[in-house]
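Protein chains in written order, with this note's numbering: chain Y, 9 to 269; chain H, 9 to 269. Here's the structure we're looking at; comments come further down.
2 protein chains.
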Amino acid sequence: MAKPTKLPADFKLLLEKGDKIYQTGISVDCVVFGFHENALKILLIKVNYINKWALPGGFIQKDENVDAAAYQILKERTGINNIFLQEFSVFGSPHRSDASVHQNRYQEYGVKIPKDNWLMQRFITVGYFALIDFTEVELMQESYLEGCNWIDINKVGPLMMDHENIVSKALETLRNQIAYTPIGKNLLPKKFTMPELQKLYETILNKKLDRRNFQRKMIGFGILNRLSETRKGGAHKAPFLYTFNDKKYQKALKEGLYGSW
Amino acid sequence: MAKPTKLPADFKLLLEKGDKIYQTGISVDCVVFGFHENALKILLIKVNYINKWALPGGFIQKDENVDAAAYQILKERTGINNIFLQEFSVFGSPHRSDASVHQNRYQEYGVKIPKDNWLMQRFITVGYFALIDFTEVELMQESYLEGCNWIDINKVGPLMMDHENIVSKALETLRNQIAYTPIGKNLLPKKFTMPELQKLYETILNKKLDRRNFQRKMIGFGILNRLSETRKGGAHKAPFLYTFNDKKYQKALKEGLYGSW
DNA sequence: TTTATATTGTGTCATAGTAACACAATGGAA
DNA sequence: TTCCATTGTGTTACTATGACACAATATAAA
Chain Y
9 MAKPTKLPAD FKLLLEKGDK IYQTGISVDC VVFGFHENAL KILLIKVNYI
59 NKWALPGGFI QKDENVDAAA YQILKERTGI NNIFLQEFSV FGSPHRSDAS
109 VHQNRYQEYG VKIPKDNWLM QRFITVGYFA LIDFTEVELM QESYLEGCNW
159 IDINKVGPLM MDHENIVSKA LETLRNQIAY TPIGKNLLPK KFTMPELQKL
209 YETILNKKLD RRNFQRKMIG FGILNRLSET RKGGAHKAPF LYTFNDKKYQ
259 KALKEGLYGS W
Chain H
9 MAKPTKLPAD FKLLLEKGDK IYQTGISVDC VVFGFHENAL KILLIKVNYI
59 NKWALPGGFI QKDENVDAAA YQILKERTGI NNIFLQEFSV FGSPHRSDAS
109 VHQNRYQEYG VKIPKDNWLM QRFITVGYFA LIDFTEVELM QESYLEGCNW
159 IDINKVGPLM MDHENIVSKA LETLRNQIAY TPIGKNLLPK KFTMPELQKL
209 YETILNKKLD RRNFQRKMIG FGILNRLSET RKGGAHKAPF LYTFNDKKYQ
259 KALKEGLYGS W
C-alpha cells in the first residue's frame, strides 16, 4: 500500500476546524471485548507511525452525548449498531496524553502542528467498555494508516500512552461486574453451550471453575433456556444448546444476581 | 448581608481568564455523604440567584489531575484533607449544562456574559462521591452568595440542572459498593457502637436489618476491634464501642468482602 | 461392527453462610 | 426498688457452595 504524501482532507479538517466541531481537551476510548476460540480478546488499532497498538477512540462533537460518541466510534470500527457499552472510568492525569502522537501522525505528511493547536493540549479521556458478539463483527479497515485487529487479552503488548492502564481498569471492572451482573448475552452468539459459557467465565475470571457447580449456579439464575438441540461435532457426548431468556436477563441486569443485603 | 454591587475580582478573573486557567467544557461535581443523627446527609450549596440547591463543584486546572480538582473543591468546602473520594460516573448529555446559571450569577453584578465566553458552552461533568466523618467537618461559608449545608438524603428538594440525577447515581453506586466493600470508616467517628454502624447500613440500604445477624456478619468480616469501653447515656444497657482495625480494613478495601467467584 | 476416548448430564454429601427467632443482662427513668 | 428500653449472646432451620462419582453418548480408532 503506497503511502500518500498529501494530507488527506479529513486530517486537514480535524487539525484546522476540530476545535469548532469537537469538545476540546476531552476524548473517549473504548475497550471492546469479544470472545473467540476460547479466548477473551480486545479490539486494538495499529498505529503505524509509532509502531504501537492503541484503543479505538475519538472525540465528542459539541452537541453530542458522550455515550453517543462512544457508540459512533464503535459503529465505525465494527459496523455493529446495538452494542453493550458502559462508561467505567475517567482518566484524568495531566500527563496522560501525549501530543507527540498527533505530531507524528501529521509529520507523515510533512505537516507540523502548531503548538497552540487544539490537538496539542492535555486531554482527559472517558473510558468505555463494550461487550460484543465476535461472530457479528466485520472489522473496518478503512484507513490506510491504521489496521484494526482482535488481540488476545493475555497477549496485549505495549500500548500507546496510558492505554494499558485503561485496559487493566476495564478488565477489572468486567471482573467485578460478572459477580453481580449477568454476562454472556453480549459476548456469545445467540445459541451456545454450557461449556462455552463456562469457558467465557473462566477466561474473564482467569480461574478454573467446577463444571457441575457452574451449571447448577447458572441454571439457578433462571436466565437460560435450554433448547432440545445439541451441538454435535466433537468426539464425545453432544452438549445441549442454550439461549438467554431475554425477559429474565433484562430483569437480572437491573436487579443483579445476588440480592445479598 | 448586603449585596455587593461591584463584580468581585475572582469572578472577573473566572470570566475573562478562566479558559486560560481551566480545562474548558469539563467540570467536576461532588456528592459528599456524611452521617449524623441517624441520617445520611449530603453537602449542598445554596445558589441564591436561582433559589435552588446544587452540588459543590468546580473546574479542572489545565495541569491538574481530575482527582486533584475534586479534592481541592472538597477541601475548600469542608476543610478536610484526607477525604475518601471516588469517581463514579460521567454526565455527558449535551443539554445537561445550563448557561443561564452563569448568566444569572453575573447578572447580579450587572454583567452580561458574552455568548462566546467559555462559560457559555456545553459542559461535561465528572461525578465524584465522598465519604466523610461528619464530626470532623467545619463548613466553610466563605462566599456571600452561597451557603453550604448538610441535607438529609431523603429531604433533598429540586436541585440545579441535572444534579438530582447525579445524586441518584451516587447513592446507587454507594449501595452497590456496600455489598462488597467495607463502609463506615470514613463515615463514622473513630469510636462507634454496633447499633450506630447498623443504622448507617440501614440508612444507606434503606431497609431494616436484623440486629443479631448484622452483628455476626460484621464481626465475621474481622475488620472491627471491640473496646472494653461502653457508650453510656441511654436508659438501657450500654453498648460496646468499636474501632476499625486499620490493617484489616485496608486489606478488605483492596480484596473486597466476598470472595465469591 | 465393535471398542475406545473424550466430554457431557446428573446427583450426593459435607460445610459455610443466612434468616428467623428468644432470653438474659443492664443503664437510667419512674 | 421497680420498670423499661435496648444490648449481648445462642439456637435452629434453610439455602448456597465446594468437592466429588458415575452413567450416557458422539465420534474416532480398531
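The beta carbon of each residue, even a glycine, is placed where N, CA and C say it ideally should be.
Contacts that residue i makes with chain Y (C-beta to C-beta distance below 7 Å)
i: H:G100; result: N73, V74, D75
i: H:E95; result: S97, V98
Chain-ordered neighbours of residue i on chain H, where CB pairs are closer than 7 Å
i: Y:V134; result: V98
i: Y:K70; result: R130
For residue i, three-class secondary structure by DSSP
i: H:T189; result: coil
i: Y:G165; result: coil
i: Y:S236; result: strand
i: Y:T143; result: helix
i: Y:A10; result: For Y:A10, the pLDDT reaches just 47, beneath the cut-off of 50, and the residue's location in the model is therefore unreliable, leaving the point undetermined.
i: H:N3; result: The structure shown has nothing for residue 3 of chain H, since chain H only spans 9 to 269.
i: H:A243; result: coil
i: Y:Q249; result: The question names Gln, yet the displayed sequence has Leu at residue 249 of chain Y. Correct three-state label for Y:L249: strand.
i: Y:I4; result: The structure shown does not extend to residue 4 of chain Y, since chain Y spans only 9 to 269, so no value can be given for it.
i: Y:F131; result: coil
i: Y:L179; result: helix
i: H:I231; result: coil
i: Y:L8; result: Since the first residue of chain Y shown is 9 and the last is 269, residue 8 of chain Y is not available in this structure.
Distance CB(residue i)-CB(residue j) smaller than 7 Å
i: Y:A138; j: Y:P190; result: no
i: Y:L249; j: Y:L235; result: yes
i: Y:I140; j: Y:I81; result: no
i: H:K54; j: H:G155; result: yes
i: H:T136; j: H:L196; result: It is worth fixing the name first, because residue 136 of chain H is Tyr in this sequence and not Thr. Result no, Cβ atoms of H:Y136 and H:L196 do not sit closer than 7 Å.
i: Y:I121; j: Y:I34; result: no
i: H:N162; j: H:L52; result: no
i: H:G65; j: H:D27; result: no
i: H:F252; j: H:K193; result: yes
i: Y:I212; j: Y:I186; result: yes
i: Y:V39; j: Y:V145; result: no
i: Y:Y114; j: Y:F67; result: no
i: Y:L265; j: Y:Y188; result: yes
i: H:R130; j: H:P102; result: yes
Beta-carbon neighbours of residue i, restricted to chain H and to distances below 8 Å
i: Y:G33; result: Q31, T32, G33, I34
Where residue i meets chain Y, residues with beta-carbon distance less than 8 Å
i: H:E84; result: Within chain Y, no residue comes near H:E84; the closest Cβ sits about 19 Å away, beyond 8 Å.
Distance cut-off 6 Å: residue i Cβ against heavy atoms of the ligand MG
i: Y:A138; result: The ligand MG is absent from the structure shown, which contains no ligand whatsoever.
Cβ pair count under 8 Å reaching 3, the stretch 200-212 of chain H against the stretch 33-52 of chain H
The stretch 200-212 of chain H makes contact with the stretch 33-52 of chain H; the number of CB pairs closer than 8 Å reaches 3 or more.
Meets three-Cβ-pair contact criterion under 8 Å: the stretch 51-65 of chain Y and the stretch 107-116 of chain Y
Flag = yes, the stretch 51-65 of chain Y and the stretch 107-116 of chain Y touch.
Uninterrupted alpha helix (DSSP H) stretches inside the stretch 19-48 of chain H (no shorter than 4 residues)
Runs found: none.
Along the chain, which unbroken stretches of the alpha helix (DSSP H) at least 4 residues long are found entirely within the stretch 189-216 of chain Y?
Correct list: 202-213.
Give a yes or no on contact between the stretch 15-32 of chain H and the stretch 166-175 of chain H, applying the rule of three or more CB pairs nearer than 8 Å.
With a cut-off of 8 Å, the stretch 166-175 of chain H and the stretch 15-32 of chain H do not count as touching, because too few Cβ pairs lie within range.
Check whether the stretch 69-82 of chain Y touches the stretch 92-104 of chain H, counting contact only when three or more Cβ pairs, one atom from each stretch, lie closer than 8 Å.
Yes: the two stretches touch, three or more of their Cβ pairs being nearer than 8 Å.
Which runs of the alpha helix (DSSP H) at least 4 residues long sit entirely within the stretch 57-119 of chain Y? Give them in chain order.
Assignment of alpha helix (DSSP H) within the stretch 57-119 of chain Y, counting only whole runs of 4 or more residues, yields 74-86, 107-115 in chain order.
Touch test, the stretch 225-242 of chain H against the stretch 171-188 of chain H, Cβ-Cβ under 8 Å, three pairs minimum
No contact exists between the stretch 225-242 of chain H and the stretch 171-188 of chain H.
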